[in-house]
Amino acid sequence: MSTRRYTNLKGLARNIRDTLGTADTPDTKNYFLLFAYNGTGKTRLSGEFKDLGKRRIRGSEERTRDTLYYNAFTEDLFTWHNDLESDTDRRLLFNTSSRFFDGLRDLEMETRIREFLRVHADFDFTINYEDGYVIFSREVQNREGTETVTGIKISRGEENMFIWCFFLAIVQLVKLEALSYDWVKYIYIDDPISSLDDNNVVAVACQLAELLKDCQIKTVISTHHALFFNVLYNELKKESTASRFLSFNKETGKYIVKNTGDTPFFHHVALLKELKKAADSGKIYTYHFNILRNILEKTAAFHGFDNFSACIKREEDDLDGVIYARMTNLLSHGNHSMFNPVEMVDDNKEIFKKVLTGFMETYKFNDDLFTEE
7 MSTRRYTNLK GLARNIRDTL GTADTPDTKN YFLLFAYNGT GKTRLSGEFK
57 DLGKRRIRGS EERTRDTLYY NAFTEDLFTW HNDLESDTDR RLLFNTSSRF
107 FDGLRDLEME TRIREFLRVH ADFDFTINYE DGYVIFSREV QNREGTETVT
157 GIKISRGEEN MFIWCFFLAI VQLVKLEALS YDWVKYIYID DPISSLDDNN
207 VVAVACQLAE LLKDCQIKTV ISTHHALFFN VLYNELKKES TASRFLSFNK
257 ETGKYIVKNT GDTPFFHHVA LLKELKKAAD SGKIYTYHFN ILRNILEKTA
307 AFHGFDNFSA CIKREEDDLD GVIYARMTNL LSHGNHSMFN PVEMVDDNKE
357 IFKKVLTGFM ETYKFNDDLF TEE
């Protein structure tokens, strides 16, 4: 497979299932890695994949299912009770009616979660299975030594990490063929690292890859994070992994899926291709400056500079290297939405083109990467 186009995500979901097959299907892949920008449809794709596994049970309104998934809906199974009146009884509630939580009480769930969580966090927790909530605690220093403070409110990043480790513990039970999860034939994971820094991303990717190795359950993982994608690709068995890049063509209304080949997809190259295409076409929007600054900052850090301005080529009309740096800093700030884009004025377009062209002349890339197919 090189490139395929789909008019809807259901067709792509079917292709992923065909590529993975089942545990009893020979000559299929065990893992399907999918890279796509935010807003492309990754979460909707996970829903289409899940729905394809539902079958109505004869004589009943219930349906069978075959996919254990982690996506935005999984996080929505947990909600906070913040005790606004007394500000002391803070709990993370979970929806006990969801099949996601079947049979947890007798499966040593807290011990399993702690094994994953201790790599990333310093707080502890207690699960009330009967009423469906979690209470968090943390050791803090005081004059006498340390004390345990319970009922604490953890940060959003810590909350996401806890939910992620909760999910990993369930995957572990699936791998061990626990009866409560014998219905799982596929695992679908969509962007578990949206609130993490790069250090945690590497740890999460390695932890997940280690858990999935030798697992008999077919797994799909979609992400917008290049580092997460690359680590997983290198950690999982390449001969057992299908890796794809998903994009959406607004003009044709079709989803495009490309094989990443033996080399994982590189995020910065794809972004530069989009920026060069915008510069060549003249359709340059305010959010393009946000993307350009992001690339400049990462390049500066890679080369050991303290500021992204070091990566802006000095022009004859800007001998001190100040004007374009200040304009880039100014124009890259603000909440520029990719879904409600505003086109730049002509003067700002010229600044954008000069900064981009100077960057690509200074830091040489393979010209073939930027040739239109």
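First residue of the sequence shown: 7, per this note's numbering; consecutive thereafter.
Each residue gets a CB set at the ideal place from its N, CA and C atoms; glycine is no exception.
- C-alpha of F79 to C-alpha of K370: approximately 42 Å in a straight line.
- Pairing E241 with A211, the inter-Cα distance amounts to about 8 Å.
- For I262 and Y12, the gap between their C-alpha atoms comes out near 7 Å.
- In this model, E257 and D130 are separated by some 50 Å (Cα to Cα).
- The Cβ atoms of S8 and K264 lie closer than 8 Å to each other.
- L185 counts as exposed, since fewer than 16 other beta carbons sit within 10 angstroms of its beta carbon.
- Annotation for F107: F100 place their beta carbon closer than 7 Å to its own, counting only its chain and skipping 5 residues before and after.
- L252 is the residue among I357, D373, L252 and T363 whose C-alpha sits nearest the C-alpha of F41.
- Between the region 193-200 and the region 136-145, the count of Cβ pairs shorter than 8 Å is below three; the stretches do not touch.
- Nearest to N44 by C-alpha distance, out of L277, Q178 and L26, is L277.
- Minimum Cα-Cα distance from G163 among the listed residues K279, V207 and H87 corresponds to V207.
- I176 and S103 have their C-alpha atoms some 16 Å from each other.
- With distances taken between CA atoms, L98 lies nearest to H87 out of H87, L58 and R105.
- Using a 10 angstroms sphere on the CB of R23, the tally of other CB atoms reaches 16 or more, which defines it as buried.
- Judged by beta-carbon spacing, L182 lies beyond the 8 Å limit of L217, meaning their Cβ atoms are not closer than that value.
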